[in-house]
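Peer 1: For the sequence shown, my numbering gives the first residue as 1, with consecutive numbering after it.
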Amino acid sequence: MQSAADAADAAALLAAVPAGRRVALVDPRFVGHVHALRLGLTDPRFPAATVPGALTAQPAARGALLRALHRTAAAVGAGAPVVEPDADPAPEDRTVPGRIAVALEAEGTAVQRPALGSLVAAVPTDPEQQAAAEAGLASVDDEAVRLRNAVKAHDGFFTTYCISPYSRYIARWCARRNLTPNQVTTASLITALVAAGAAATGTRGGYVAAGILLLVSFVLDCTDGQLARYSLQYSTMGAWLDATFDRAKEYAYYAGLAIGAVRGGDDVWALALGAMVLQACRHVVDFSFNEANHDAVANTSPTAALSDKLDNVGWTVWVRRMIVLPIGERWAMIAVLTALTTPRIVFYALLVGCSLAACYTTAGRLLRSLTRRASRTDRAAQALADLADSGPLAQAVAAVAPGLRGAFTAPAVALLGALVMIGGALFLPYGSPLTVAAAAVYVVLSGLAVARPLKGALDWLVPPFFRAAEYVTILVLAARSDVPHAVPAAFGLVSAVAYHHYDTVYRIRGGTGAPPQWLVRTIGGHEGRTALVVVLAAVLTHTSGFTTALTALAVAVALVVLVESIRFWVSSSAPAVHDEGELA
């Protein structure tokens, strides 16, 4: 830490700091809470940030900072005091850090201004302001605010009232021992995998232990995000771990339950895969709707207005959050039912609960889409196209198909394709050439559905229809094959593909775009994979070769997707943000 007499002196001192380091400017008269400074000066997610009396810049914004300092020095004079009386700007913009923040924004550099709430951050210029700032400092418990802010603002009922009241203190305990969110996230994954292993024993003791360990894993899952917010430890690796491990834990646990059930003489692999398919399709509905409306210009629909009114009635907020069966409620239900009942009952409860939740959320999104006139942007259309995951076959059809017209054409065509494919897999003779013909029709309809930009009111339904077609087709064909271990192999294939789809979502959310086109082409796109599985089922009818082929395809997809995903998420281009999105 070094002191500067004025802006020109500060510019000279900062110029001497190595280019790869973060720098900060703090007015010597600053009065405030330590956590206010922490919020303004240590969050790694933003190139520049400021609170009244303090400013920080990451290496990417260092050049702009020095230019702003030189301009500020020229404006106030090299010998001017740090605090300049000025009637025009806001009080926080009268200090040198404040002036520089304004200059940075004028140049085009985004400057984060974190919400401080009750925390004090001020630069008093007279005894009266000094006394007021010190009184505010004494009246607010800095640590209590820090702990409260460590908890996600909007969470489920179970998480809010049964986990967060004590998990925040676990997060503080971890912070004081220099543990990182990534370490806690990894501990949560390991605990969930141990829980899955306990469930796989197929014994009552194993099921009880599995239920307890699953709840412990969820506590750690809440703790890692709270630790990140408490200590402002955000990282690219943390973003990747946090975004993907929840799904890995849940699906591994489903597999453990299925293995345990088989040991007890009850084969529930099809139910386990069905629960995974339903959960993944629920999520893609949420993701697609949110991306379609991320930056849409539209009037507020009556449905949205009613939802806003209900938000003012406290109990309805919690009821509506519980109806969607978010991760807290879902994991609590799974844990309790595992300990007290059987895997079959667990999966029945999951399928019923998630189906009701999916109907509720999808109906609300349909009503919102139909009761307002939204103007969707090119960015939203591109996000939906990326979520569609169209491969070379569908892209070839789209390239030669005439552009479609009409707001509802694309989802209608996608739905028709999904019904043809799923209906063929369900009702046509297993291994029949007619099923291959249905797959060919699905490929053509998939291409037609994306032949124009997805800007219609209901075009956000296109990716969910494609996900349902692919996942359900794999499930049905594996279940109808009557080949040993075909459904577990299909479980592995859907897991690998679902990881790719979740990875696509989190990349788009981070503002870095979808995975590269070479990756989508390499793994075939949704229509290519679906057609391949259909052909394999026809060629390898009722033979163990079908299981082998599904397993090989699952391994190949997983390797390609994971290698590219890991390369991206540990690169400098990945967003250093923990997921703060949907509750589920």
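Backbone N, C-alpha and C define an ideal beta-carbon position, used for all residues, glycine too.
Would you grab the beta carbon distance between residue 541 and residue 430 for me? Rounded to a whole angstrom, and I think it's under 8 Å.
Peer 2: For the purposes of this step, residue 541 is taken as the residue at position 541 of the sequence shown. For the purposes of this step, residue 430 is taken as the residue at position 430 of the sequence shown. Yes, they are in contact, since the Cβ atoms of residue 541 and residue 430 sit about 7 Å apart, within 8 Å.
Peer 1: My guess is that residue 101 and residue 159 are in contact by the Cβ rule of under 8 Å, so how many angstroms apart are they, rounded?
Peer 2: Residue 101 sits at position 101 when you count from the first residue of the sequence shown. Residue 159 sits at position 159 when you count from the first residue of the sequence shown. Going by Cβ atoms, the distance from residue 101 to residue 159 rounds to 36 Å, so no, they are not a contact pair.
Peer 1: Report the residue from 456, 521 and 562 whose alpha carbon sits nearest the alpha carbon of residue 382.
Peer 2: Numbered from 1 along the sequence shown, position 382 holds the residue referred to as residue 382. The residue with the shortest Cα to Cα distance from residue 382 is 456.
Peer 1: Sorted by chain position, which residues of the same chain lie with C-beta nearer than 6 Å to residue 617's C-beta, five sequence neighbours on each side aside?
Peer 2: Examination of residue 617 is not possible in this model, given that the chain is present from 1 through 584 alone.
Peer 1: Go to residue 56, then tell me how far its beta strand (DSSP E) extends in each direction, as first and last residue.
Peer 2: Numbered from its first residue, the sequence shown carries residue 56 at position 56. Note, residue 56: beta strand (DSSP E), 54–57.
Peer 1: How would you label residue 240, buried or exposed, when you count the other beta carbons within 10 angstroms and need 16 or more for buried?
Peer 2: On the sequence shown, position 240 is the one that residue 240 refers to. Buried is the call here.
Peer 1: Which one or two residues does DSSP pair with residue 23 in a beta bridge?
Peer 2: Residue 23 sits at position 23 when you count from the first residue of the sequence shown. 57.
Peer 1: At what residues does the alpha helix (DSSP H) containing residue 135 begin and finish?
Peer 2: As a first step, residue 135 is located in the sequence shown; it is residue number 135 there, counting from the start. Segment 127–139, the alpha helix (DSSP H) holding residue 135.
Peer 1: If residue 23 and residue 17 are in contact, beta carbons under 8 Å, what's the gap, nearest whole angstrom?
Peer 2: For the purposes of this step, residue 23 is taken as the residue at position 23 of the sequence shown. For the purposes of this step, residue 17 is taken as the residue at position 17 of the sequence shown. The pair is a contact, with the Cβ atoms about 5 Å apart (cut-off 8 Å).
Peer 1: Kindly identify the DSSP beta-bridge partner or partners of residue 32.
Peer 2: Taking the first residue of the sequence shown as position 1, residue 32 is located at position 32. For residue 32, which the question treats as bridged, DSSP gives the partners 121.
Peer 1: Counting only the same chain and skipping the five closest in sequence on each side, list residues whose C-beta sits under 8 Å from that of residue 557.
Peer 2: Position 557 of the sequence shown, counted from the start, is the residue given in the question as residue 557. Counting only Cβ-Cβ distances below 8 Å, and skipping sequence neighbours, we find 493, 496, 497, 500, 523 and 529.
Peer 1: Among the candidates 366, 418 and 368, whose CA atom is the shortest distance from the CA of residue 669?
Peer 2: Limits of the chain in this structure are 1 at one end and 584 at the other, which puts residue 669 out of reach.
Peer 1: I believe residue 395 touches residue 447 by the beta-carbon criterion, under 8 Å. Please report the beta-carbon distance rounded to the nearest angstrom.
Peer 2: Residue 395 sits at position 395 when you count from the first residue of the sequence shown. Residue 447 sits at position 447 when you count from the first residue of the sequence shown. Indeed, because the Cβ distance is near 7 Å, the residues count as touching under 8 Å.
Peer 1: Rounded to a whole number of angstroms, what is the C-alpha to C-alpha distance between residue 7 and residue 371?
Peer 2: Locating residue 7 in the sequence shown gives position 7, where the first residue counts as 1. Locating residue 371 in the sequence shown gives position 371, where the first residue counts as 1. So the two alpha carbons sit approximately 55 Å from each other.
Peer 1: Grab me the residues of residue 585's own chain with a C-beta within less than 7 Å of its C-beta, minus the 5 sequence neighbours each way, in chain order.
Peer 2: This structure does not reach residue 585, given that the chain is present from 1 up to 584, and the question cannot be answered.
Peer 1: Is residue 545 helix, strand or coil when you go by DSSP?
Peer 2: Mapped onto the sequence shown, residue 545 falls at position 545. Helix at residue 545.
Peer 1: Take residue 177 as the anchor and find which of 139, 155, 227 and 246 has the nearest alpha-carbon.
Peer 2: As a first step, residue 177 is located in the sequence shown; it is residue number 177 there, counting from the start. Cα-wise, what sits closest to residue 177 is 227.
Peer 1: Can you tell me which of the three DSSP states residue 244 falls into?
Peer 2: In the sequence shown, counting from the first residue as 1, residue 244 sits at position 244. Residue 244: helix per DSSP, three-state reduction.
Peer 1: Are the beta-carbon atoms belonging to residue 478 and residue 490 less than 8 Å from one another?
Peer 2: Looking up residue 478 in the sequence shown gives position 478. Looking up residue 490 in the sequence shown gives position 490. Their beta carbons are under 8 Å apart, which means residue 478 touches residue 490 by this criterion.
Peer 1: Check residue 231 in the structure and name its three-state DSSP category.
Peer 2: Here residue 231 is taken as the residue at index 231 of the sequence shown, counted from 1. In the structure shown, residue 231 sits in a helix (DSSP, three-state: H, G or I).
Peer 1: Let me know if residue 407 comes out buried or exposed under the rule of 16 or more other beta-carbons within 10 Å of its beta-carbon.
Peer 2: Along the sequence shown, read from residue 1 onward, the residue named residue 407 stands at position 407. Residue placement at residue 407 is poorly supported in this model, since its pLDDT is 48, which falls under 50; the coordinates still yield a value, given next. Per the 10 Å Cβ criterion, exposed.
Peer 1: Report the option in 169, 367 and 117 whose CA atom is closest to the CA atom of residue 35.
Peer 2: Counting from one through the sequence shown, the residue named residue 35 turns up at place 35. Per the Cα distances, 117.
Peer 1: When DSSP builds the beta bridges, which residues end up paired with residue 609?
Peer 2: There is simply no residue 609 to check, as the chain begins at 1 and stops at 584 in what is shown.
Peer 1: Run the proximity test for residue 73: is its beta-carbon closer than 7 Å to any non-hydrogen atom belonging to the ligand ZN?
Peer 2: Because no ligand of any kind appears in the structure shown, any question about the ligand ZN cannot be addressed here.
Peer 1: Taking a contact to mean a Cβ-Cβ separation below 8 Å, would you say residue 508 touches residue 386 in this structure?
Peer 2: As a working mapping, residue 508 is identified with position 508 in the sequence shown. As a working mapping, residue 386 is identified with position 386 in the sequence shown. Their beta carbons are under 8 Å apart, which means residue 508 touches residue 386 by this criterion.
Peer 1: Who are the near neighbours of residue 42 in its chain, counting only those whose CB is closer than 7 Å to its CB and skipping five residues on each side?
Peer 2: One-based indexing of the sequence shown puts residue 42 at position 42. So the list reads 232, once near-sequence residues are dropped.
Peer 1: Alpha carbon to alpha carbon, how far is residue 363 from residue 278?
Peer 2: Locating residue 363 in the sequence shown gives position 363, counting from the first residue. Locating residue 278 in the sequence shown gives position 278, counting from the first residue. Computed Cα separation, rounded: 16 Å.
Peer 1: So, is residue 209 buried or exposed, given that buried needs 16 or more other C-beta atoms within 10 angstroms?
Peer 2: Translated into positions along the sequence shown, residue 209 becomes position 209. Buried, since its Cβ has 16 or more Cβ neighbours within 10 Å.
Peer 1: Judging by CA-CA distance, which residue of 537, 344 and 397 is the nearest neighbour of residue 262?
Peer 2: What you label residue 262 is simply residue 262 of the sequence shown in a count that begins at 1. It is 344 whose Cα lies nearest to the Cα of residue 262.
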